[in-house]
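A.B. asks: Numbering of the sequence shown is given in the numbering used here, commencing with residue 6 and proceeding in unit increments.
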Amino acid sequence: MTPPVLQVTLIGWGAIARSIFQRLSQDTRVRISHVVVRESKVADTQAQLGHAAIACAAVPADAQLVLECASHTALTDHVLPALQRGVTCGVLSVGALSEVGLPERLEDAARQGHAQVHLLAGAIGGIDAIAAARTAGLTQVTYTGRKPPTGWRGSPAEQVVNLDQLTEPAVILEASAREAARLYPKNANVAATISLAGLGLDATRVRLIADPSVSENIHEIHVQGTFGEMHLTMRGKPLPDNPKTSALTVLSAVRFLQNQTAPITI
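Pasting the structure below:
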């Protein structure tokens with residue numbers, strides 16, 4: 006007997022969402038059925054989608070699974086109501102949870118709807134190990150994010166250094182994960198994810214660097230605790246359409262969706 010196809014509602018139609026849509030276009034078990042965008046963009050998005058999916062301004066009442074890959078406001082506008090209705094949601098804009106009270110609101114909505122909200126690892130690895138180690142006790146979690154200057158354009162880094170004239174690495178921020186996620190919401194989702202898996206937003210230390218000598222997004226994590234010590238370095242290639250985002254973010258979302266129907270997951 007052929008298993009039913011999982012119908013997925015995407016929130017957003019930016020570079021990440023379009024890449025996810027493309028990668029799943031030939032999948033026989035997972036189908037993007039709806040794409041949620043602003044009312045003003047519904048017609049244009051529908052023209053791009055053709056007959057492949059339906060563009061709409063709100064999550065459909067009969068949605069099976071929602072994947073947010075838009076912006077932080079999408080969590081309050083769309084994810085919270087969907088959870089309250091009992092729809093399981095995956096979230097990529099984890100940096101939004103730096104807003105005081107938002108994690109609790111998501112948890113309350115999920116409890117109310119008897120649903121789950123999954124915070125996806127996105128561009129970083131080792132989240133499973135950090136979360137597991139936390140159960141025995143962590144003493145230190147630090148994250149260093151290093152990107153080429155182009156990866157920091159359109160962010161507060163432009164007020165800290167001249168990104169066009171950098172000749173050597175420049176530290177653009179040293180702060181808590183909460184502050185990093187607040188100031189760099191499109192660049193520091195990784196910091197928020199690491200902190201939520203480990204010591205929390207206020208106890209996790211973050212260092213962000215603009216480095217003209219690199220062409221990749223480089224993530225470095227140092228964790229210490231009862232379990233021992235972990236050093237992790239990842240050199241992620243950015244999405245061609247969005248240098249602020251690692252390509253692994255898309256692959257993380259695709260894996261999450263495919264795991265919903267896979268007979269064995271890891």
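Where a beta carbon is used, it is the ideal one built from N, C-alpha and C, also for glycine. Since the structure is predicted, the reported quantities are computational estimates derived from the model, not experimental observations.
On a CA-only basis, which of R90, S103, L97 is nearest H119? Give me that one, please.
C.D. replies: R90
A.B. asks: Cβ atoms of L213 and A193: under 8 Å apart, would you say?
C.D. replies: yes
A.B. asks: G156: buried (16+ other C-beta within 10 angstroms of its C-beta) or exposed?
C.D. replies: buried
A.B. asks: Taking only three categories from DSSP, how would you classify E184?
C.D. replies: E184 falls in the helix class under three-state DSSP.
A.B. asks: Whose C-beta lies closer than 8 Å to the C-beta of L201 among residues of the same chain, with five residues either side of it excluded?
C.D. replies: V99, L102, P108, L124
A.B. asks: How long is the line joining the alpha carbons of T144 and I135, rounded to whole angstroms?
C.D. replies: One alpha carbon belongs to T144, the other to I135, and they sit about 12 Å apart.
A.B. asks: Of the residues L85, Q31, T81, which one's Cα is nearest the Cα of R116?
C.D. replies: L85
A.B. asks: Rounding to the nearest angstrom, what Cα-Cα distance links Y148 and G159 in this structure?
C.D. replies: 22 Å
A.B. asks: One question on the structure: do L97 and G127 come within less than 8 Å of each other, judged by their Cβ atoms?
C.D. replies: Cβ distance < 8 Å, so L97 and G127 count as in contact.
A.B. asks: Evaluate the contact criterion for the stretch 57-71 versus the stretch 40-49: three or more CB pairs, one atom per stretch, below 8 Å.
C.D. replies: yes
A.B. asks: With DSSP as the reference, identify every bridge partner of I226, one or two as the case may be.
C.D. replies: Y148, L237
A.B. asks: Helix, strand or coil, according to DSSP, for G205 in the structure here?
C.D. replies: coil
A.B. asks: Exposed or buried, which one is E173 when buried takes at least 16 other CB atoms within 10 Å?
C.D. replies: exposed
A.B. asks: Using the three-state DSSP reduction, which class does V125 fall into: helix, strand or coil?
C.D. replies: Reading off the sequence shown, one finds Leu at residue 125, where the question assumed Val. Coil at L125, not helix or strand.
A.B. asks: Going by DSSP, what residues sit across from P243 in a beta bridge?
C.D. replies: P243 pairs with S251.
A.B. asks: From P154 to D169, what distance separates their C-alpha atoms?
C.D. replies: 7 Å
A.B. asks: Just the Cα atoms here: how many angstroms apart are V195 and I129?
C.D. replies: 6 Å
A.B. asks: To the nearest angstrom, how far is it from the Cα of R36 to the Cα of S218?
C.D. replies: 40 Å
A.B. asks: Note down the Cα distance separating L171 from D216, rounded to an integer number of angstroms.
C.D. replies: 8 Å
A.B. asks: Would you decide whether A57 is buried or exposed? Buried here means 16 or more other CB atoms lie within 10 Å of its CB.
C.D. replies: exposed
A.B. asks: Would you list, in sequence order, the uninterrupted beta strand (DSSP E) runs of no fewer than 3 residues that lie entirely inside the stretch 59-89?
C.D. replies: 59-61, 70-73
A.B. asks: Does the stretch 236-256 come within contact of the stretch 177-186, defined as at least 3 CB pairs closer than 8 Å?
C.D. replies: no
A.B. asks: Can you tell me where the beta strand (DSSP E) with I16 in it begins and where it stops?
C.D. replies: 11-16
A.B. asks: For R110, report the span of its alpha helix (DSSP H) as first-last.
C.D. replies: It spans 107-118 - the alpha helix (DSSP H) in which R110 sits, taken as one unbroken run.
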